[in-house]
Ligand code: AMP
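Numbering (the working numbering), first residue to last: 9 to 234.
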């Protein structure tokens, strides 16, 4: 984040697949003009573009495992060179390992910054598999939907942009969702204690309705992690 404002927000959303990180990140992005940085999106972009990083990541992602820190950090650092990130960022799906958390602290320290808040979205594991399987997204504007929980008002038409093309992630099936949950508990959940020690952790009950969680997150951002 080269010439970033030293007070720019660096928010981290922690939580298992299906917890609503992407949905909430997009809402915070709209509300505060922050930039959502999703390493999952960056990696899917690299896979689609068939870059060397994407080719190395593809099979790991399909199996629901974690891509190596080297690859993830390379795609993230690349994205962080762009000038828009100086407005402040919401990290969605990063960091996911101790090594990534330490590397992030190092990157931020280089520009006199630190993590502003790490928000842990607390959810029931069992419900997550059902939430992940059945997700789909508008290919034009990225609005998220679900076969059971959030259908489009008009069949096949995006509520937000009226687009008619939708996509489903290859890893949004029950089997891969279980592997992703396992990886979350083994490698990512320990970061909750890491950020608690830094005094920046906020935990949020993310089993409540999307709008209620969004309000809670907005007050965390507006009032600081405190
Ligand atoms: P997500 O879109 O955050 O659910 O990520 C989709 C997949 O991309 C994950 O299951 C991992 O295989 C990979 N991935 C995304 N972010 C990371 C990360 N920070 N570290 C390792 N793997 C990641």
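Where a beta carbon is used, it is the ideal one built from N, C-alpha and C, also for glycine.
At least one heavy atom of the ligand AMP lies closer than 8 Å to the C-beta of residue 29. With a cut-off of 8 Å on Cβ pairs, the segment 124-131 is in contact with the segment 210-222, counting three or more such pairs. Going by beta carbons, residue 179 and residue 62 fall outside the 9 Å limit. Listed in chain order, the non-local C-beta contacts of residue 160 below 7 Å within the same chain comprise 153, 166, 167, local neighbours out to five positions each way being set aside.
Annotation note: the segment 167-224 contains the following uninterrupted beta strand (DSSP E) runs of length 3 or greater, listed N- to C-terminal: 209-213.
When 216, 141, 53, 93 are compared, the shortest CA-CA separation from residue 187 is found for 141. Taking a C-beta distance under 9 Å as the contact criterion, residue 100 and residue 44 qualify as a contact pair. The alpha carbon of residue 29 has as its nearest neighbour, out of 116, 230, 103, 149, the alpha carbon of 103. A distance below 6 Å between beta-carbons, with the five flanking residues on each side excluded, links residue 48 to the following residues of its chain, in chain order: 101. It is roughly 22 Å from the alpha-carbon of residue 74 to the alpha-carbon of residue 97.
For residue 125, the enclosing beta strand (DSSP E) begins and ends at 125-130.
Cβ-Cβ separation between residue 125 and residue 208: approximately 5 Å, consistent with a contact (criterion under 8 Å). The C-beta distance from residue 146 to residue 171 rounds to 5 Å, short enough to meet the 8 Å contact threshold. A direct Cα-to-Cα measurement between residue 18 and residue 200 gives close to 16 Å. If you look at residue 80, you'll find it in the alpha helix (DSSP H) that goes 77-88.
The beta carbon of residue 198 lies closer than 8 Å to those of 106 in the same chain, with the five residues before and after it left out. By the C-beta density criterion, residue 175 is exposed, having fewer than 16 other C-beta atoms within 10 angstroms.
Taking C-beta atoms under 8 Å as the contact rule, residue 51 and residue 83 qualify, at a distance of about 6 Å.
Listed as beta-bridge partners of residue 144 by DSSP are 153. About 7 Å separates the Cβ atoms of residue 16 and residue 121, confirming a contact at the 8 Å cut-off.
Judged by their CB atoms, residue 185 and residue 26 are nearer to each other than the 9 Å cut-off.
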